[in-house]
Structure formats: C-alpha cells, structure tokens
Amino acid sequence: MKLVYPWLRDFVRVTEDVETVARELGLRGFEVASVEQGAHPVIDFEITANRPDCLSHLGLAREAAAIWGLPLQMPGMAMPAPGPAEDLDVEIADTDLCPRYCVQVFEVKNGPSPAFIRERLEAAGIRAISAVVDVTNYVMLELGQPMHAFDLDRIEGRRLVIRRAVPGEPLRTLDGLERALEADMLVIADASRALAVGGVMGGKDSETGPATTRIALESAYFQPASIRRTSKGLGLKTEASSRFERGTDVNAPPAGIARAAALLERIGAGRPLGSLIDRYPSPTRPLQIRLRAARIARVLGQEVPPADVPRILAPLGFLVAEGRDADEPGWLITVPTFRVDVLREVDLVEEVARHFGFDRLPSTFPVLSAPQAPLDPRILRDRLLRQLLTTAGFSESMTFAFIEREAAMPFTEPGGQPPAIANPLSEKFAVLRPSLLPGLIDSCAHNRRRGRKDVQLFETGSRYTSAGEGRAAAFCWLGSAVPPHWSGSGRLVDFFDMKGALELVCAGFGVHDPHFAAVDRAYLAPGRAAEVFAGDVRLGVLGQLAPVLAEARGLPAGEEIYVAELDTELLGRAAAGDTLRAESLPRFPAIVRDVSVLVDEALPAAAVRGTIRAAAPSTLASVVEFDRYQGKGIPDGRISLSLRLTFRSAERTMTDDEAQDAMDRIVAALAREHAAEQR
Amino acid sequence: MTDPARDIDALRTQFAEELARASGEPALRAVRDRYLARKGGLVSALLRGLGAAPAEERPRLGQLVNALKQEIETTLDARASEAAGARPPTGAVDVTLPGRVPGTGHRHPLTLLRERIEMIFSRMGFLVIEGPELEDDYHNFEALNMPPEHPARDMQDTLYLAAPVRSLAGSAATLLRTHTSGMQIRHMETHPPPVRLIAPGRVYRRDNLDLTHTPMFTQVEGLVVGDHVTLADLKGTLFTFVRELFGEDRQVRFRPSFFPYTEPSAEVDISCGACGGTGIDCSMCKRTGWLEILGSGMVHPAVFEAVGYDPERYTGFAFGMGIERVALLKWGVEDIRLFYENDFRFLEQFPL
Numbered sequence: 001m002k003l004v005y006p007w008l009r010d011f012v013r014v015t016e017d018v019e020t021v022a023r024e025l026g027l028r029g030f031e032v033a034s035v036e037q038g039a040h041p042v043i044d045f046e047i048t049a050n051r052p053d054c055l056s057h058l059g060l061a062r063e064a065a066a067i068w069g070l071p072l073q074m075p076g077m078a079m080p081a082p083g084p085a086e087d088l089d090v091e092i093a094d095t096d097l098c099p100r101y102c103v104q105v106f107e108v109k110n111g112p113s114p115a116f117i118r119e120r121l122e123a124a125g126i127r128a129i130s131a132v133v134d135v136t137n138y139v140m141l142e143l144g145q146p147m148h149a150f151d152l153d154r155i156e157g158r159r160l161v162i163r164r165a166v167p168g169e170p171l172r173t174l175d176g177l178e179r180a181l182e183a184d185m186l187v188i189a190d191a192s193r194a195l196a197v198g199g200v201m202g203g204k205d206s207e208t209g210p211a212t213t214r215i216a217l218e219s220a221y222f223q224p225a226s227i228r229r230t231s232k233g234l235g236l237k238t239e240a241s242s243r244f245e246r247g248t249d250v251n252a253p254p255a256g257i258a259r260a261a262a263l264l265e266r267i268g269a270g271r272p273l274g275s276l277i278d279r280y281p282s283p284t285r286p287l288q289i290r291l292r293a294a295r296i297a298r299v300l301g302q303e304v305p306p307a308d309v310p311r312i313l314a315p316l317g318f319l320v321a322e323g324r325d326a327d328e329p330g331w332l333i334t335v336p337t338f339r340v341d342v343l344r345e346v347d348l349v350e351e352v353a354r355h356f357g358f359d360r361l362p363s364t365f366p367v368l369s370a371p372q373a374p375l376d377p378r379i380l381r382d383r384l385l386r387q388l389l390t391t392a393g394f395s396e397s398m399t400f401a402f403i404e405r406e407a408a409m410p411f412t413e414p415g416g417q418p419p420a421i422a423n424p425l426s427e428k429f430a431v432l433r434p435s436l437l438p439g440l441i442d443s444c445a446h447n448r449r450r451g452r453k454d455v456q457l458f459e460t461g462s463r464y465t466s467a468g469e470g471r472a473a474a475f476c477w478l479g480s481a482v483p484p485h486w487s488g489s490g491r492l493v494d495f496f497d498m499k500g501a502l503e504l505v506c507a508g509f510g511v512h513d514p515h516f517a518a519v520d521r522a523y524l525a526p527g528r529a530a531e532v533f534a535g536d537v538r539l540g541v542l543g544q545l546a547p548v549l550a551e552a553r554g555l556p557a558g559e560e561i562y563v564a565e566l567d568t569e570l571l572g573r574a575a576a577g578d579t580l581r582a583e584s585l586p587r588f589p590a591i592v593r594d595v596s597v598l599v600d601e602a603l604p605a606a607a608v609r610g611t612i613r614a615a616a617p618s619t620l621a622s623v624v625e626f627d628r629y630q631g632k633g634i635p636d637g638r639i640s641l642s643l644r645l646t647f648r649s650a651e652r653t654m655t656d657d658e659a660q661d662a663m664d665r666i667v668a669a670l671a672r673e674h675a676a677e678q679r
Numbered sequence: 001m002t003d004p005a006r007d008i009d010a011l012r013t014q015f016a017e018e019l020a021r022a023s024g025e026p027a028l029r030a031v032r033d034r035y036l037a038r039k040g041g042l043v044s045a046l047l048r049g050l051g052a053a054p055a056e057e058r059p060r061l062g063q064l065v066n067a068l069k070q071e072i073e074t075t076l077d078a079r080a081s082e083a084a085g086a087r088p089p090t091g092a093v094d095v096t097l098p099g100r101v102p103g104t105g106h107r108h109p110l111t112l113l114r115e116r117i118e119m120i121f122s123r124m125g126f127l128v129i130e131g132p133e134l135e136d137d138y139h140n141f142e143a144l145n146m147p148p149e150h151p152a153r154d155m156q157d158t159l160y161l162a163a164p165v166r167s168l169a170g171s172a173a174t175l176l177r178t179h180t181s182g183m184q185i186r187h188m189e190t191h192p193p194p195v196r197l198i199a200p201g202r203v204y205r206r207d208n209l210d211l212t213h214t215p216m217f218t219q220v221e222g223l224v225v226g227d228h229v230t231l232a233d234l235k236g237t238l239f240t241f242v243r244e245l246f247g248e249d250r251q252v253r254f255r256p257s258f259f260p261y262t263e264p265s266a267e268v269d270i271s272c273g274a275c276g277g278t279g280i281d282c283s284m285c286k287r288t289g290w291l292e293i294l295g296s297g298m299v300h301p302a303v304f305e306a307v308g309y310d311p312e313r314y315t316g317f318a319f320g321m322g323i324e325r326v327a328l329l330k331w332g333v334e335d336i337r338l339f340y341e342n343d344f345r346f347l348e349q350f351p352l
C-alpha cells in the first residue's frame, strides 16, 4: 500500500516529516518497504493480512491520529438526497456471497480527470484513465472501498442481478480475456447476461468510455472467502479483489457513493440522478467486547495506565465505555465494522500494546515451575549418527525431500510408486524421495563435476515408502579409501570399507553383532550387495551402486561407488539402550591358535565361523578371519581361509592339551560340514 | 704479466664467497675438492704458476700460498665439523612433510547452527522435540487459527500430496508441513501445561529457488505455556537468545506484526552487522539498519481452545525462525542454495 504523504495530511495534520511518519507507523506493525521523496512523497507499506482497513489512506490516518493525538478529518461527502431512485431494478439473489449492494446512477461527462487526482493516483501506483474510473480508484485508495462503474446504457432491461454464475457462463473481462465462469463465482448480471465478476473485475461490454453519459456506480460488500476462491480460480488478482478477500467494511458502501458524488461534482464530471439504491437485507450488528484491565497486564506483563486505553482506542475508531463491573475494572468496547480483525478481548489487548509501545515493555524471563523433560531420543539418535559418520570420514549433506520421478523409480519397491506432489514446482521436484540415496548420488556427481576426486557424503532425514514417512541415514563413498598421502600406497574404496563404516555405526549404537546377508537390489551391482540385520530386524542395505545408475546420474560407470542406507527408527530401537554392565577383566591368560583351511570359494565366511562356534567348547572367546588367499598353490574354485581362535577359561589357566583337543574337534567339524582341508 | 701476490689475494676472496654459499656436507666437500685437490685444485695451480715469477720472489710467494692453503684447510675443517654436528640423528624424520590427517567429515553448517540454537534453549530449560514432516490440514493450519479460506494461508504457499500418505505420527497426511507448529499442537494435545519446548526441523513452501529462497528450509519454533507467561517474558527470552547467538554488541528490536496463531504478534530485528546499524548505503539491511530475524507472539486463544487448554487460565508465547536466514546473517553467506548443493568447497569452510 503506497501512502501518499500529502494525501494522508488531508485526514490528519501531521507535522512530522515523511521519514518519521514511516518509522513510527513501522513500529506499530506497518512494515515499511520503501520511502520515496519528491513532489508527492510516498511510503510503501507492507500491510499484513489482518488489516485490510489500512489498505487506504483513511485507515493509516487513524493510526497516525492515535500516535500523535490528532483529530481525524473526514473528506467531503455528498450523499444524494433521499427520494425516488432512478429506474433501475437491483436484486441480490445470493445474499450469502453479497450481503450488501449499493448502486447510484450518475449523469457524467467522462473526460480526463484533473491534475490533482491524476498525480495522486500515479504516486500511489495506479494509472489514470478517465474521470469516472479515476474517481472510483481515488475513493478506493482513500476509504478502502472498491467501486465499479457500469455504463448504464449497456445494462439490458434496466436490471442488475447479483447471482452465482451459470457453469460455463461466458464473460469478456476488462483485461480483454474471454472467460468461462464456474458455478460458485458471483456475477453482476443484467436481464440477460453476466456483466462483471463481482468484486474481482468488470466486463468489457459494460465498460465506461469517453462516450458514456450515464453510469450505475456500484459500491458493495462481498463475502471475503468467495472473492478469494474466485480470484484464485480465475488467476485474477486486482486492487478490488485483494481488498474484498481480506474483508472490507460492510458499512462503507454508502460512504463510497457519497465520496464519489462529492468528487464528481467537484471536478465537474457528474451528478447523481435519483437517490441511493441500498440492498442490505440483514444489517450487521456491531461487536461489543469487554476489555479487562487485569487481562492487559496478564498478557503483556506490564500495567498500562487506565487513561491510556481510551486515549489509544478512541482515535482508532473504537467506542470506549467504562465497564460497569466494580469487581473487574475495565471497559466495554464497541468494535467498528472496518476492524474485521478484532473479534475478542486479546485483539484489543494487542491494539493497546501496539500503541503503548513494544519498546516500553520490560524484558523478563518465564518462571520455570517443573524440571524439563529429557531431549527427544530421536534428536540424540541423529546427533550420535552424525558423530559416528563424520568420524568415519563422511561429511554431512542436505538435499531436498522431493526429487524427479526418474531418479526415484530405481529406489522404489517393485510395483510401487513414490508419493507424488499434487502441485510440484517443477518435474525436478515431482515426488517424495523413497530413499536418501538419489539426492546423495547427485551431490556426489556435483562435487565430481567440480574436480573433487574423493567424496564421502551422508545425510540423515525423512524418506517415503509404501509404509509412509520414515527416517533414514544414507552414506555414499567414491574415490580413495584413505586420504591421499605422500607416503603412497593409496587404494580405492571397496565393499569392505563401506561395510566397516556400517559396522562402526552399529557398534556406536551398541548393536554389537549385526549380521549381513547377500541380497539383490535393482540399484546395486549384482553380487556386491548385502542387507544388515540386528537379530531379525532388517536395518538397511549396502553395496556397490549399479554402474548403469551411476552413469545415468553423471558419475563414471567404470568406477566402484559404494552406498548404504539405514532405517534410523529401527536402528534407534535396536540400540542397546542404557543397560550396560561392566564386566571384570579376565583373570587367566588366553591361548591363541591359528588354523588355515581350504574351502569352496563360494562358501560364506560366516558359515565357517558358525561351524567353528558350534563345534568349539565354551572357552572359545573369539574367532576372526585374518587371511583369505586364492591363486598359486590353491586348487581352482577353492580358497585358503585363515582364522585366529582365542580360548580362555574364566576359572583357571587352560592347558595346551585342552586347546589342542578343541582345535581337533573344530577341524573335524569343518571337514565334515564344508569338506574343508587343513593346510 | 700477472701479479702473483694479487692472484693469491683474489683466490682468498673467491674462497670466502664460495664458502658463504656452500651449505651442508656435500657442498663443503665440493669446495674442498675445488681448492685443495692435488691435481687440478686451485691452490696447487697457483703454486705451479709461481714458476713464472722471478727466482728471488719465489720463496716469499711460496710462503704466502702455503699460508693460504693452511687457512683454507682450517676453515673447511671447522665448517665440516660444524655441519657434522648439525646432522639429524639416525632414524630422524622430516617433520616438515605433511601428516596423515584422519579422514574426518564435516557436519553441515545448518547442523552446527541448529545444534547451537538447541543448546542455548536447552540451557534455558526448553525441551527439544521432533515430529512428522508430512502433516494433515488440521495440525498445519486449522488448529493454528487458520481455517480453510483464511487469507493468511497465502503467506505460506503449500505443497500438497497427490494422495494421502501415512505420516510419522501415524496420521493420513495431505501436505508437506509449512512450519513445525504441527509438532507443538501434537505436544499440547497430549501434555498438560506447563510447556516449554523448541521444535526444529525441515519445512516446505512452494517457493522457487533464488538467492534467498529454497522450497525446503529448516525452522526452529518455540512454545512456552504456563500460568503467568507474558509478552515481556517473550521479549526477555528472545533478546537473551539473539544476543547469545549474535553477540552482546548487537541491538535488538521488538516490533508489532501479524501471525494468525499469535495475538499480539511481534517480530524481532537485530541491528545490521554489515553497516553497524547505521543503514548508510547498506544493501544487506536495505538501508534500514535492521535485519528481521524472528517472528513471535502470544499464543492465540483459539489455538489453546483447539488443544483443550483453558485460554482464561493459561497464557503462552510462541516464536519461529528460519535457520538458513540466521546463517545468511551470521556468516554472510550470499546464496541460500549453497546449503543444498553440498559442494565440499563450501562445506569445508565450516569447523568440523
């Protein structure tokens, strides 16, 4: 809303300069977008949605009157004399959408308007057109009441009907577009057709022009939600619709006519014919609200002197009466109909606070009456995840939760579809991500394109599967396994680097023996993919990204890129929790034995380990692979697997014979179960 | 004809210069060879050249050359033992070579800031909660005093789902949350007052990408409800927070505004860091000297009614801020999109 400074002074004789006016209004809730100096200094305010009354000079003038304690002067009004109206039949068919409709017939001479009107309109950002149109716009900017002039001679049947449109009803609007209206849109029609979209835009056919000699001047109140729907539906936002949709003053339409009459007369462009036609079947009763002095202090944390309340509220247009309840000092406030935002006591408290001054409030601290509950465990879980993954060398990334469908499909369950966004910004943001990996992969490609060879990224966040919204952590690794160093021996990342990172995360959550099983996934390279379990719970998946997918996202197909993704809700639940009990250190020495066996190359190491555990006595403390060899000296299709076994008894020092006995049984079991030969 | 005495002096000068340039044992050995080698050494050559001098001069000149030879030997020996003393012990490493830095990753700058904010409020006794990113219309709008068709819904252009999806809270969600307020509604629905919490998380608006907008961003909202919570408490809490985050030297301003879910509503501005609050020729604050940082207000009674709190008995305040905006203002990041490109050249500028 562009406030023209001299125009404001028609209403209140402020003596402060433009900058001061802008700053003071700014501190009362009217944010200043800009101040332009010049012949017509202008302050551009961003008016919040709750204050449509301040989309006018009058509205802002009331605020200025309250700030500086100045009287408000109303502009010249010339209400047409009561008596018979001109021959025009006006009927509101749909009063739910149009509770009040005023119309006045004028005889006009529609030339250009004089300089003072044109200059003010242009300073306020509105193009001057002709006397009639300029006067309607002038009144709107002055009082906040949008108006519309029909060429009376283009109204068929001397009849105006305010009714819902017939579905598909055609209308050529003032912008020249042919529109097909919908059933819920309100039109102003004559005996045979729609003339205007009520409160939004007039029609071309009934537009006023230089040749117009008689007009029907409309000044109405339309139901805000209806205007909003229509304006959205037509994709048409006008000065009028943006006022009506937020709520104009239901009692302003006659004033609009009176002001327009005064202006038309003053510039010699017209005079009223007959009296005002005012259709207002159920007049709105003004709202009365009790305002308690104690409530003001309770909400603000500051007592406001009782005399300040009428001093603030009266200039804003509220009627202030002393309350009659002796036990509860306060006031009875009548709310003017232009203050559509004031509905309950607290709204009045805000009015008082705004003009009392937020800067005069003390700074205090709320009383803490109970100990605080602990952090949401999910916040702690995500912090731990970030700690573990950065320790493992991954940097944190953040990507959008919506991605393009093509990128999502490989990560969507077979036969499923990712949840779609009804009104996406573009095809690139069409669906919710089923996995965090597509975004991560794109971030890796972004870094590669900018010359970064080694990329380790992770993200924690939401993902969306057929089960709905979930939480996940994903990580991605390409390039070197260890940071490059002059001492050489660099190595590219492989499956076991990624698995190790995943094991670190599991260990960090106290999931000490996750197990891994090979799996097939469309987005992972065959034979290079595994699922990770904590007990029976499937935590996630890891593996080499399918080369064809890597290539599709701009990464080299020939390079091994490893990815992993975990369900963090499940990981959090699988976590050991706060049950830790420290064990005492072993009192007796351990015996360590190594064994090397030849087994089939396809035999999983976990199977060998399992057989060893099953065959070993309870003194077996640990078993771990320390070498795997295939090649010279080993028959085709077999491998040499070396394991280190540690035995220890809690009661006594074990003997070599006991260890040997255990080893003999283990080797026999391996031979039996896996046809393993000891080397 | 040359003057042998002069030649001797010239060689002495030349030696002194070369010695000054020689550093380290190999270089000293090369100087010794050049001057003192039996065959081809410069001193022997000088001695041999004396044959051309008059016979009566020779003994004196011979003495001078020998003195020079002696002098060179002594000097070189001294320098050699000096160099030997400076030699590193066996097995010594070159401490100037780069070390092996453990490959530790960086946390995202938005995480750094978010955790910092969580820490400040935790210290003030605030609970930190998290919740669903998909929401239903009720928890995102209606319970917050924004019924359908409410004009304030325009302030938050919403991304809707083509079909309902089960949210993390188990409800049938129809939209991507436009703020984290839904979590606060859910908390109040299940917990009686007093309430003192912050709700950080990602939120979504239908905004095109530009220097200051992304369709997804990170918010921290806060809520305090109790028997005697006031607008002055809100002011005190937020001023403490803003000064702790931005520094004691910043001015803070509290200004009326509008949000449908608070009444009265206020915005918090901090004095501009780029111009020191003067606004003079400052593009950062558009010459106002102030930067908007937070929206806030006293919880609207309609919100309390929606969650079953008695609005006569309880009062409360709520606030919200975008972490990206705080980051832009705090670190001078010029393009908000950098937070979502994950370019290492950006990420690595922030501490681990």
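Just so you know, the sequences run in chain order A and B. Residue 1 is where the first sequence starts when you use my numbering, and the numbers rise one by one after that. Residue 1 is where the second sequence starts when you use my numbering, and the numbers rise one by one after that. Don't be surprised by glycine CBs; every beta carbon is placed ideally from N, CA and C. None of the values given here were measured: they were computed from a predicted structure.
Residue i, DSSP secondary structure in three states
i: ALA39/A; result: coil
i: HIS515/A; result: strand
i: ALA662/A; result: helix
i: TYR101/A; result: strand
i: TYR138/A; result: helix
i: CYS476/A; result: strand
i: THR230/A; result: helix
i: GLU56/B; result: coil
i: ARG538/A; result: strand
i: ILE126/A; result: coil
i: LYS330/B; result: helix
i: GLY228/B; result: Strictly speaking, residue 228/B in this sequence is His, with Gly absent from that position. Looking at HIS228/B - three-state DSSP - the assignment turns out to be coil, as it is neither helix nor strand.
Backbone CA spacing between residue i and residue j [nearest angstrom]
i: ARG313/B; j: ALA65/A; result: 35 Å
i: LEU437/A; j: THR568/A; result: 14 Å
i: THR511/A; j: GLU565/A; result: For clarity, residue 511/A is Val in the given sequence; the question names Thr instead. For VAL511/A and GLU565/A, the distance between alpha carbons rounds to 16 Å.
i: PRO371/A; j: ILE129/B; result: 16 Å
i: ALA420/A; j: ALA472/A; result: 19 Å
i: PHE722/A; j: LEU338/B; result: This structure cannot speak to residue 722/A, because chain A is shown only from 1 to 679.
i: ALA685/A; j: MET79/A; result: With chain A covering 1 to 679 only, the question about residue 685/A has no answer from this structure.
i: ASP335/B; j: PRO132/B; result: 28 Å
i: MET1/B; j: LEU68/B; result: For MET1/B, the predicted model reports a pLDDT of 47, less than 50, meaning its position is unreliable and no value from the coordinates is stated.
i: VAL250/A; j: LEU160/A; result: 20 Å
Interface flag, residue i vs chain D, CB-CB below 8 Å
i: SER271/B; result: Absent from the structure is chain D; the protein chains it does hold are A and B.
Counted within 10 angstroms of its Cβ, other Cβ atoms place residue i as buried (16 or more) or exposed
i: GLY270/A; result: buried
i: ASP594/A; result: exposed
i: ALA260/A; result: buried
i: THR315/B; result: buried
i: GLN456/A; result: buried
Nearest-angstrom beta carbon gap, residue j and residue i [assumed within contact, 8 Å]
i: VAL43/B; j: LEU76/B; result: With 8 Å as the limit, VAL43/B and LEU76/B do not qualify as a contact, their Cβ atoms being about 12 Å apart.
i: LEU681/A; j: ASP94/A; result: Lying outside 1 to 679, the shown extent of chain A, residue 681/A is not represented and no answer is given.
i: THR180/B; j: TYR340/B; result: That belief does not hold up - the Cβ atoms of THR180/B and TYR340/B are roughly 18 Å apart, past 8 Å.
#### Entry: Inter-stretch contact at 8 Å, needing at least 3 Cβ pairs: the region 307-325 of chain B / the region 88-107 of chain B
With a cut-off of 8 Å, the region 88-107 of chain B and the region 307-325 of chain B do not count as touching, because too few Cβ pairs lie within range.
### Query
Touching or not, the region 459-467 of chain A and the region 537-554 of chain A, by the rule of three or more beta carbon pairs under 8 Å?
No: fewer than three Cβ pairs fall under 8 Å.
### Inter-stretch contact (C-beta, 8 Å, three-pair minimum) for the region 135-152 of chain A and the region 260-268 of chain A
Contact between the region 135-152 of chain A and the region 260-268 of chain A is present, because at least three Cβ pairs lie under 8 Å.
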